[in-house]
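First residue of the sequence shown? That's 0 in numbering that gives the first Met the number 0, and the numbers climb one at a time after it.
Even glycine gets a Cβ: it sits at the ideal position worked out from N, Cα and C.
Small disclaimer: the values here were computed from a predicted structure and weren't measured.
Structure first, commentary second.
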Amino acid sequence: MKNDDDVHGGIKDTSIDTSQTSVRRNIAIIKVPFGLGGARGGAELGPDELITAGLKREIASLGLVLSKEVRVDCPSEPAAPIERNRVKHLNEVRQVSQKVCSEVSGAVEEGAFPLVLGGDHSVAIGTFAGLTAHYSNLGVIWFDAHADLNTEERSLSGNMHGMSVAASLGHTAFNLSHIAGAGAFIDPSNLVYIGLRDLDEYEKEQIKGLGIRAFTMHDIDRMGIKQVIEQAIATAGKGTDGIHVSFDMDCLDPREAPGVGTPVPGGLNYREAHYALEILASTNQVTSMELVEVNPLFDHNRHTARLGVELIASLLGKRIL
Numbered sequence: 000m001k002n003d004d005d006v007h008g009g010i011k012d013t014s015i016d017t018s019q020t021s022v023r024r025n026i027a028i029i030k031v032p033f034g035l036g037g038a039r040g041g042a043e044l045g046p047d048e049l050i051t052a053g054l055k056r057e058i059a060s061l062g063l064v065l066s067k068e069v070r071v072d073c074p075s076e077p078a079a080p081i082e083r084n085r086v087k088h089l090n091e092v093r094q095v096s097q098k099v100c101s102e103v104s105g106a107v108e109e110g111a112f113p114l115v116l117g118g119d120h121s122v123a124i125g126t127f128a129g130l131t132a133h134y135s136n137l138g139v140i141w142f143d144a145h146a147d148l149n150t151e152e153r154s155l156s157g158n159m160h161g162m163s164v165a166a167s168l169g170h171t172a173f174n175l176s177h178i179a180g181a182g183a184f185i186d187p188s189n190l191v192y193i194g195l196r197d198l199d200e201y202e203k204e205q206i207k208g209l210g211i212r213a214f215t216m217h218d219i220d221r222m223g224i225k226q227v228i229e230q231a232i233a234t235a236g237k238g239t240d241g242i243h244v245s246f247d248m249d250c251l252d253p254r255e256a257p258g259v260g261t262p263v264p265g266g267l268n269y270r271e272a273h274y275a276l277e278i279l280a281s282t283n284q285v286t287s288m289e290l291v292e293v294n295p296l297f298d299h300n301r302h303t304a305r306l307g308v309e310l311i312a313s314l315l316g317k318r319i320l
């Protein structure tokens, strides 16, 4: 049987801090079929598409226990018309965030690994609220083509999925403090971006001004995914309560994942994404995950959903050999 050095391409365990809590054996699937925070309809179909693509079968094959599977009740239609030049569907995002917060917090209390299935990336606001009710110093690795750092005043679209990180940092008018059970905000020094390539000018200023560790696709091209993920782990895992992985499927190149709402050319390829999640799993520091923005309306033969299932499996410990 090969040792870890062989399996992970020569990376030694001593290069990564493995002192933190290991991935829990019990998995709590939290489905959030919500799409009103995004730019295009269809993301609300993502959670069921991931289940249909074989997620529960993969979890069982890894010897993990599905301790709970819940479906958050989400509105599919706005309660009121959108006002011009205003944030879209804020009340709906607030309602869903509170429900997601409760489910995520409950999963942590039960000793399970929260696996949140979106929905658009605005569901992360509720995820963060639930996690920070228990972890005051949470590390975050955010895989995304976009930074999601806009505020209500600076957003060009008014779409809430582009404000989820800003809300977690306390920079938006609507933030974690408005959600029942929310604890601390995310510390920008514990946050890492991977895969960025489509940023507004305001977001660029924020990343630089806050000193957020950000690896763009240029950085991945220049450094390689091995150095990028090791440096990301060193930042998000140093002295934190664990690492939350937020994985937006549009971090991948559209040739790999066509079924997303906001595709951007030039993203991560198949092996780069798997490698990053395999190495994250090997650290035993990942305490939760969400995978979002699977949009079946733009997919081909469930390709993106199947890839999403494979990537979740890699983060939960699946190996080639």
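| Item | Value |
| --- | --- |
| For LEU89, the nearest candidate out of ASN174, CYS100 and LEU130 (CA to CA) | ASN174 |
| The segment 142-160 touching the segment 30-45, judged by at least three CB pairs closer than 8 Å | yes |
| Span of the alpha helix (DSSP H) around ALA213 | Per DSSP, ALA213 belongs to no alpha helix (DSSP H); it is in the beta strand (DSSP E), 212-215. |
| Sequence ranges, beta strand (DSSP E) only - wholly within the segment 229-267, length at least 3 | 242-247 |
| Check whether SER101 and HIS133 have beta carbons under 9 Å apart | no |
| Residue interval of the alpha helix (DSSP H) (run including TYR274) | 269-281 |
| 7 Å Cβ shell around SER96 - same chain, five flanking residues per side excluded | ILE124, GLY125, ALA128 and ILE178 |
| Presumed contact (8 Å Cβ cut-off) between ILE224 and TYR274, rounded CB distance | 5 Å |
| Separation of ARG85 from SER21, as counted between CA atoms | Its pLDDT being 44, under 50, SER21 is placed unreliably by the model, and the measurement read from it follows with that caveat. If I take the Cα positions, the gap works out to 43 Å. |
| Alpha-carbon spacing of SER154 relative to MET162, whole angstroms | 8 Å |
| Cβ contact check for the segment 181-200 and the segment 108-121: 3 or more pairs under 8 Å | no |
| Opposing strand residues paired with ALA27 [DSSP bridges] | LYS67 and PRO113 |
| Nearest-angstrom beta carbon gap, ASP249 and ALA144 [assumed within contact, 8 Å] | 5 Å |
| Those residues which DSSP pairs with GLU289 across a bridge | VAL115 and SER245 |
| Contact set for GLY241: own chain, Cβ-Cβ below 8 Å, skip 5 residues either direction | GLN19, THR20, TYR134, LEU137, GLY138, GLN284, VAL285, THR286 and SER287 |
| First and last residue of the uninterrupted beta strand (DSSP E) at GLY138 | 138-142 |
| Cutoff 6 Å; reference SER121; Cβ partners in own chain excluding five residues on either side | GLY36, VAL92, MET159, HIS160 and SER163 |
| Under 9 Å between C-beta atoms of ALA235 and ILE319 | no |
| Contact test: ALA128 Cβ vs the ligand FMN heavy atom, cutoff 8 Å | By its list of ligands, the structure shown contains no ligand whatsoever, and the ligand FMN lies outside what it can speak to. |
| Per-residue burial, GLN205 [other beta carbons within 10 Å of its own, 16 or more giving buried] | buried |
| Closest by C-alpha distance to THR51, when choosing among LEU198, GLY62, LYS30 and ALA213 | LYS30 |
| Proximal residues to PRO187 (C-beta, below 7 Å), its chain only, five neighbours per side dropped | LEU168, LEU209, GLY210 and ILE211 |
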